[in-house]
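Written below as structure tokens is the structure these notes are about.
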Amino acid sequence: MGILADVRLFMIKKPEKVEIENCTMISTSPLSNQDILRVEGLKKYFPVRRGFFQNVIGWIKAVDGVELSIGRHKTLGLVGESGCGKSTIGQLILKLIDPDGGRIMYRDKEITRLSQGEIKPLRKEMQIIFQDPFGSLNPRMTVGQSIDEGLRVLHMKGHNERSERVEELMQMVGISPGAADRYPHEFSGGQRQRIGIARALSVEPSLIICDEPVSALDVSIRSQIINLLKELQDSLGLSYLFISHDLTVVGYISDSIAVMYLGQIMEYGPAGVLYDNPLHPYTVALLSAIPEPDPDDRRELKALKGEVPSPFNPPPGCKFQGRCPFVEKRCREEDVAFYQVGDGHAVRCWKVAGG
Amino acid sequence: MLSVKDLKVYFQVDGGFSRAVDGVSFEIQDGETVCLVGESGCGKSVSALTIMGILPQPPGKIIGGTIFFKGQDLLLMKEEEMQKVRGNHIAMVFQEPMTSLNPVFTIGDQIEEAIRIHERIDEAEMRKRSIQALKDVGMPSPEQRINDYPHQLSGGQRQRVMIAMALACNPDLVIADEPTTALDVTVQAQILNLFKDLQQKRRMSLLYITHDLGVVAKIADQIYVMYAGIILEKGAARDIFYNPCHPYTRALLASLPSRSKRGSKLYSIPGSVPDPAHTPKGCPFHPRCSFALESCTSQFPGMSDWGNGHFSRCPVIYDKEAGKGGN
């Protein structure tokens, strides 16, 4: 019976609009105006239902008030452990799911409430690269057709122009254009990820959401794809939202980094500042848990106690209270503001901010 | 304690066979941690399954080699004899704790099952042993947890249960196949610390299989670098990291991203890992190697000795200062 009840618990039915209290922003946004994308107070709650009548018994607060901005031609790294809501943010920005609160601004336009029809022209602007290069390509379409699909659906070019464009794209990502008539299963994981990138680039986007693009790849292939993403950014002037749980990759590729925990950004700042001078206890813990490839460094890894709790009906106060080594009474009672502590550096902890 | 010599395991595939493990030799001493490092498909997991005697045959076939454990060849053992070794002397921790645990039994039942096979003790004693096993791996409130089903636990807790099961009969050797790959970094750090702790307390040997060089640096005494079914380089951890002799090892280390490499291009190995059904002639790494000689395409290079037990299967001597190879 235990199993059944728990399966029910996670059977999430069609999303509903939620009344969100405390919509007033408790923080000042540390973000500048020279951005391609800005997200303010973004929220997404999923209802949890139970029982015969499928009554809503609570909410999973997947994204609970997130502030982000991505600079033009820049990379924002979004890191966090599994279940922290980082992929949900990617889906919200692309409007694949609707937010329950907050605002998404693309260039100077608010896109939060656009309908699916109104968003269609913007699909050219924003694209996504997925983690799993095996699951994200249609096995019944040749890779040429897959790359071409976006152009065809958005009526972007004539037939001949389109096949030229497909060839050009394949060359750009380092796949021989002669392979356009082959099917995804004929390619290795790294090549499939290249095809996924070509597909995203086909409609000439400005912003690409990279959702764990190198996590499924081997070490020797991973660096090829990271270099390719960097090169494309330089030559095409792309902006990236780079979602990953791998802090070494994010540290290498990002200009600025947002650290996420249970649906909120815990710390945000330029990559150098965040790595050299992390302030939030969670960021510190994450960074010190990375095993460095140096056999002389045999210090015991500083492991946080416990694991990421369920985002189902979290307690009030700081989201990190359950695992924080410095937790105090105030952390359990008050919501914590996002404090600006330096140039573009913000942290959601009143203790380190001296608030 | 364990000595694997010239192990060959091939898999039958359409119209031929794929050489998953093609002449692998390695040794593990008492209380030592040995890491098998390599990318997917290099044969590291197949080697582990063969040692445990749980390689599915067919499609797999052990073509040759010996696996000596405490003076006995495991490959010549009958299934009943192997049964006594497995769990009792050698135990395994798998990568995916969700699929390796049985969803319809409580974790207590599953730990007890491991003990029941090897020892005859009464139920109350058994329960005590299982609770102790869970305590040893740092499971919070083991008395209650023991009645839980796997789905009620988190990923890290499930991996702790897997380790508790493996350690329940005090094995001499634990084989861990990518035990932290599916876990978050903070939980990975917990599990790595746990392994180190347990190893110090029990003086067990550990064969740790992974592709993550950061993890390797943290725990390894000896490292074996595998590629396309063979060992390309072996040596003590410091030698491999600070003085890698094989171009593949050097390339792997150079291609690791880090904050300090920001702004410069990452080194990347051209091409991709060969299909084990069509490994190239000669040195399997030669099509991707920037130091390859004419002879590498036809001859399989032997092991060159660099002293201190550091061997590499490459004829090219690398000049660290000049960044070039020579003969």
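Chains U and P are the protein sequences, given in the same order.
If you use this note's numbering, the first sequence closes out at 476, no skipped numbers anywhere.
If you use this note's numbering, the second sequence closes out at 1550, no skipped numbers anywhere.
Backbone N, C-alpha and C fix where the C-beta goes; we use that ideal spot for every residue, glycine too.
Within the same chain, show all residues whose beta-carbon is closer than 8 Å to that of HIS1341(P), passing over the 5 residues directly before and after it, in chain order.
For this step, residue 1341(P) is matched to residue 118 along the second sequence. Cβ within range, chain order: LYS1307, GLY1310, ASN1311 and CYS1392.
If we cut at 9 Å on Cβ distances, does HIS366(U) have a partner in chain P?
Indexing the first sequence from 1 puts residue 366(U) at position 245. Chain P contact via Cβ: present.
Tell me the rounded alpha-carbon separation between PRO492(U) and LEU1476(P).
What is shown of chain U runs 122 to 476, which leaves residue 492(U) out entirely.
How many Å lie between ARG171(U) and GLN1382(P) at the Cα?
The residue labelled residue 171(U) in the question sits at position 50 within the first sequence. The residue labelled residue 1382(P) in the question sits at position 159 within the second sequence. Distance between the alpha carbons of ARG171(U) and GLN1382(P): 29 Å.
Closest to GLN252(U) by C-alpha separation, out of ASN398(U), ILE330(U), ALA410(U) and GLY438(U), would be which residue?
Numbered from 1 along the first sequence, position 131 holds the residue referred to as residue 252(U). Of the candidates ASN398(U), ILE330(U), ALA410(U) and GLY438(U), the one whose C-alpha sits nearest the C-alpha of GLN252(U) is ILE330(U).
VAL177(U): buried (16+ other C-beta within 10 angstroms of its C-beta) or exposed?
Position 56 of the first sequence, counted from the start, is the residue given in the question as residue 177(U). Result: exposed.
Since GLN248(U) meets chain P, which of its residues come closer than 7 Å, beta carbon to beta carbon?
Position 127 of the first sequence, counted from the first residue, corresponds to residue 248(U). Going along chain P, no residue has its Cβ under 7 Å from GLN248(U), so there is no contact; the nearest lies around 23 Å.
Beta-carbon neighbours of GLY372(U), restricted to chain P and to distances below 8 Å:
Locating residue 372(U) in the first sequence gives position 251, where the first residue counts as 1. Listed by position along chain P, the residues whose Cβ is nearer than 8 Å to that of GLY372(U) are PRO1480, SER1481, ARG1482 and ARG1485.
Are the C-beta atoms of GLY311(U) and some chain P residue less than 9 Å apart?
Indexing the first sequence from 1 puts residue 311(U) at position 190. Chain P, which has a Cβ nearer than 9 Å to the Cβ of GLY311(U), makes this yes.
Using a Cβ-Cβ cut-off of 9 Å, state whether VAL1408(P) counts as contacting chain U.
By one-based count along the second sequence, residue 1408(P) stands at place 185. Cβ-Cβ to chain U under 9 Å: yes for VAL1408(P).
Cβ-based contacts, 8 Å cut-off: residues of the stretch 332-362 of chain U near chain P
Listed in sequence order: ASP339, VAL340, SER341, ILE342, ARG343, SER344, GLN345, ILE347, ASN348 and LYS351.
Along chain U, in chain order, which residues have C-beta atoms closer than 7 Å to that of SER1263(P)?
For this step, residue 1263(P) is matched to residue 40 along the second sequence. Chain U residues near SER1263(P): ASP339.
Would you say PRO414(U) faces chain P, with C-beta separation under 9 Å as the test?
In the first sequence, residue 414(U) corresponds to position 293, counting from 1. So, interface residue.
With H, G and I counted as helix, E and B as strand and the rest as coil, what does DSSP make of ILE1330(P)?
Taking the second sequence and counting its residues from 1, the one referred to as residue 1330(P) is at position 107. It is helical.
List, in chain order, every chain P residue whose beta-carbon is nearer than 7 Å to that of SER203(U).
For the purposes of this step, residue 203(U) is identified with residue 82 of the first sequence, where counting begins at 1. Near SER203(U) (Cβ distances below 7 Å), the residues of chain P are ASP1407.
Within this structure, are the beta carbons of LEU1230(P) and SER1241(P) separated by less than 9 Å?
Translated into the one-based positions of the second sequence, residue 1230(P) becomes position 7. Translated into the one-based positions of the second sequence, residue 1241(P) becomes position 18. No. Outside cutoff.
LYS1504(P) at chain U interface by Cβ criterion, 9 Å
The residue you call residue 1504(P) lines up with position 281 of the second sequence. Judged by the 9 Å Cβ criterion, LYS1504(P) is not in contact with chain U.
So, for PHE433(U): in the same chain, excluding its five sequence neighbours on each side, which residues have a beta-carbon less than 7 Å away from its beta-carbon?
For the purposes of this step, residue 433(U) is taken as the residue at position 312 of the first sequence. Take PHE433(U), set aside five residues on each side of it, and the residues of its chain with a beta-carbon closer than 7 Å to its own are VAL169, GLY179 and ILE181, in chain order.
Can you give me the Cβ contacts of ILE1454(P) inside the same chain, cut-off strictly under 8 Å, excluding the 5 residues immediately before and after it?
Residue numbering aside, residue 1454(P) sits at position 231 when the second sequence is read from its first letter. Excluding residues within five positions, the ones whose Cβ falls inside 8 Å are VAL1247, SER1248, PHE1249, TYR1447, VAL1448 and ARG1536.
Does TRP471(U) come out as helix, strand or coil in the three-state DSSP assignment?
Translated into positions along the first sequence, residue 471(U) becomes position 350. TRP471(U): helix per DSSP, three-state reduction.
Residues of the stretch 1429-1445 of chain P with Cβ closer than 8 Å to any Cβ of chain U, in chain order
HIS1434, ASP1435, LEU1436, GLY1437, VAL1438, VAL1439, ALA1440, LYS1441 and ALA1443
What residues are listed by DSSP as bridge partners for GLN461(U)?
Position 340 of the first sequence, counted from the start, is the residue given in the question as residue 461(U). For GLN461(U), which the question treats as bridged, DSSP gives the partners ALA467(U).
Taking ASP1229(P) as part of the beta strand (DSSP E), name the residues at either end of that continuous run.
The residue you call residue 1229(P) lines up with position 6 of the second sequence. 1225-1236 is the span of the beta strand (DSSP E), which, as asked, contains ASP1229(P).
Taking only beta-carbon positions, decide if PHE1464(P) is within less than 9 Å of chain U.
Indexing the second sequence from 1 puts residue 1464(P) at position 241. Closer than 9 Å to some Cβ of chain U, the Cβ of PHE1464(P) qualifies, so yes.
Got a sec: is the Cβ-Cβ distance from ASN1416(P) to anything in chain U below 9 Å?
Position 193 of the second sequence, counting from 1, holds the residue named residue 1416(P). ASN1416(P) counts as touching chain U.
Across which residues does DSSP place PHE1240(P) in a beta bridge pair?
By 1-based counting over the second sequence, the position of residue 1240(P) is 17. Looking at the DSSP assignment, PHE1240(P) forms a beta bridge with GLN1235(P).
Beta carbon of ARG444(U), beta carbon of LYS426(U): below 9 Å?
Within the first sequence, numbered from 1, the residue matching residue 444(U) stands at position 323. Within the first sequence, numbered from 1, the residue matching residue 426(U) stands at position 305. Yes. Within cutoff.
Following the continuous alpha helix (DSSP H) through TYR1471(P), name the residue where it begins and the one where it ends.
To locate residue 1471(P), count along the second sequence from 1; it is residue 248. Per DSSP, TYR1471(P) belongs to the alpha helix (DSSP H) from 1470-1477.
Quick check on DSSP: helix, strand or coil for PRO168(U)?
What you label residue 168(U) is simply residue 47 of the first sequence in a count that begins at 1. In the structure shown, PRO168(U) sits in a strand (DSSP, three-state: E or B).
Between the Cα of GLU1319(P) and the Cα atoms of GLU1366(P), PRO1493(P) and ALA1405(P), which residue gives the shortest distance?
Indexing the second sequence from 1 puts residue 1319(P) at position 96. Ranking GLU1366(P), PRO1493(P) and ALA1405(P) by Cα distance to GLU1319(P) puts ALA1405(P) first.
Beta-carbon proximity of ALA1314(P) to VAL1397(P), cut-off 9 Å
Taking the second sequence and counting its residues from 1, one reaches residue 1314(P) at position 91. Taking the second sequence and counting its residues from 1, one reaches residue 1397(P) at position 174. Their beta carbons are under 9 Å apart, which means ALA1314(P) touches VAL1397(P) by this criterion.
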